[in-house]
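Q: Heads up: the sequence lines are chains X and L, in that order. Heads up, the first sequence is in the UniProt record's numbering, so the first residue is 1 and it goes up one at a time. Heads up, the second sequence is in the UniProt record's numbering, so the first residue is 1 and it goes up one at a time. The structure that follows is given in the form of structure tokens.
Protein chains: 2
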Amino acid sequence: MERVPILKIGDILLVSIQVDMSDQTALQLQEDLAERIVATGSHGVIIDITALDIVDSFVGRMLSTIASISKVLDAETVVVGMRPAVAITLVELGLSLNGIRTALNVERGMELIAAARSDEFEEDDQLDDAADAETTASP
Amino acid sequence: MERVPILKIGDILLVSIQVDMSDQTALQLQEDLAERIVATGSHGVIIDITALDIVDSFVGRMLSTIASISKVLDAETVVVGMRPAVAITLVELGLSLNGIRTALNVERGMELIAAARSDEFEEDDQLDDAADAETTASP
Chain X
1 MERVPILKIG DILLVSIQVD MSDQTALQLQ EDLAERIVAT GSHGVIIDIT ALDIVDSFVG
61 RMLSTIASIS KVLDAETVVV GMRPAVAITL VELGLSLNGI RTALNVERGM ELIAAARSDE
121 FEEDDQLDDA ADAETTASP
Chain L
1 MERVPILKIG DILLVSIQVD MSDQTALQLQ EDLAERIVAT GSHGVIIDIT ALDIVDSFVG
61 RMLSTIASIS KVLDAETVVV GMRPAVAITL VELGLSLNGI RTALNVERGM ELIAAARSDE
121 FEEDDQLDDA ADAETTASP
């Protein structure tokens, strides 16, 4: 059985999909990714699909599932490297990649993850500030 | 024909080999890499072989060729993610990966490339200093 390798670069896990995904390979990848996110404490997953000629409903569902799993493990998922023809076919087939962020290439994907993280921290700060304000206001 | 995708991360090109390399795929990868090094001005190439169960003489030669091509284009090549079994087989077969640097994972590979670059700059500086000293010494 083929196994898709997961590369760690700083705070991010990178997966480059190059082989045809079978049910088994897809399940294995989801498991491996979940384990690696927990083991490394990574905050982002980048999935590169440069090599894919077609993204059918099976692959689309796999990407959505990975994004959902990562989300509950506190990691952002970004799909990068989609070919123009793949994007056109996706829209024509009426497939929407639910809950998946996309970026043009790996570098932009990394920027997107970094931006998403800093937004989150700012929101946390605002909540903290609001809480502080309340504490101060109360007698 | 399958084409191995080349990802750009900062100053480095990253290739993850997951498919069986045919003559044609190997040639295409060498061409694509040479073009991308020139187009992007990258200083390093990282080749991930986590997915490979076997590195035979064909793959070994391909890696050596890529390293040589990159070298003349002023880029360092580092092979990362070699499995223990692959390393053992390589030695047993008497294959030496000529001119190829290796590192345990992508992150260490990046460090190796950064270190190799700074060594080079230091040597250049020393040459410059020597030239300066000569110029100063001459009347």
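Where a beta carbon is used, it is the ideal one built from N, C-alpha and C, also for glycine.
Applying a beta-carbon distance threshold of less than 8 angstroms, which residues of chain X neighbour L/Leu-7?
A: Leu-14, Ser-16, Asp-48, Thr-50, Gly-81, Asn-105, Val-106
Q: Who are the neighbours of X/Arg-3 on chain L, taking C-beta pairs under 8 angstroms?
A: Ala-51
Q: Which same chain residues end up closer than 7 angstroms to X/Leu-93 when comparing Cβ atoms and leaving out the 5 residues on each side of it in sequence?
A: none
Q: Return the residue from the list L/Glu-76, L/Leu-95, L/Leu-90 that minimises the CA-CA distance to L/Met-110.
A: L/Glu-76
Q: Is X/Lys-8 helix, strand or coil when you go by DSSP?
A: strand
Q: Can you tell me whether DSSP reads L/Ser-138 as helix, strand or coil?
A: Residue placement at L/Ser-138 is flagged as unreliable, the pLDDT there being 49, under the threshold of 50; the coordinate-derived value follows with that caveat. Looking at L/Ser-138 - three-state DSSP - the assignment turns out to be coil, as it is neither helix nor strand.
Q: Could you please give the first and the last residue of the uninterrupted beta strand (DSSP E) stretch that includes L/Val-45?
A: 44–48
Q: Based on the DSSP secondary-structure assignment, which residues constitute the bridge partners of X/Leu-13?
A: Answer by DSSP bridge pairing, in chain order: X/Lys-8, X/Val-45.
Q: Please check if any C-beta of chain L sits within less than 8 angstroms of the C-beta of X/Val-19.
A: Contact with chain L is found for X/Val-19, since one of that chain's Cβ atoms lies less than 8 angstroms from the residue's Cβ.
Q: Per DSSP, which one or two residues make a beta bridge with L/Val-80?
A: L/Asp-48, L/Ala-103
Q: Please list, in chain order, all residues of the same chain as X/Ser-68 whose beta carbon is under 7 angstroms from its beta carbon, the five residues on each side excluded.
A: Gly-99
Q: Measure the C-alpha to C-alpha separation of L/Ser-16 and X/Arg-61 and round it to an integer number of angstroms.
A: Just so you know, the alpha carbons of L/Ser-16 and X/Arg-61 end up roughly 24 angstroms apart.
Q: For L/Ala-87, which of helix, strand or coil comes out of DSSP?
A: Helix.
Q: The alpha helix (DSSP H) that contains residue 227 of chain X, what's its start and end?
A: Only positions 1 to 139 of chain X appear in the structure, and residue 227 of chain X is not among them; the question remains open.
Q: Can you give me the start and stop residues for the alpha helix (DSSP H) that L/Ala-67 sits inside?
A: 57–72
Q: Alpha carbons only, please: which of L/Ser-57, L/Leu-27, L/Lys-8, L/Thr-25 is nearest the one belonging to L/Val-38?
A: L/Lys-8
Q: Based on Cα-Cα distance, which residue from X/Ile-88, X/Ile-46, X/Ala-51, X/Val-80 lies nearest to X/Asp-20?
A: X/Ala-51
Q: State the DSSP-derived secondary structure class of X/Ile-54, mapped to helix, strand or coil.
A: coil
Q: Can you give the Cα-Cα distance for L/Val-106 and X/Leu-95, rounded to whole angstroms?
A: 34 angstroms
Q: Going by the CB atoms, is the gap between X/Val-86 and X/Val-45 shorter than 8 angstroms?
A: No, Cβ-Cβ distance for X/Val-45 and X/Val-86 is not below 8 angstroms.
Q: How would you call L/Pro-5, buried or exposed, if buried means at least 16 neighbouring beta carbons within 10 angstroms?
A: buried
Q: At the level of alpha carbons, what is the spacing between X/Glu-123 and X/Asp-11?
A: 21 angstroms
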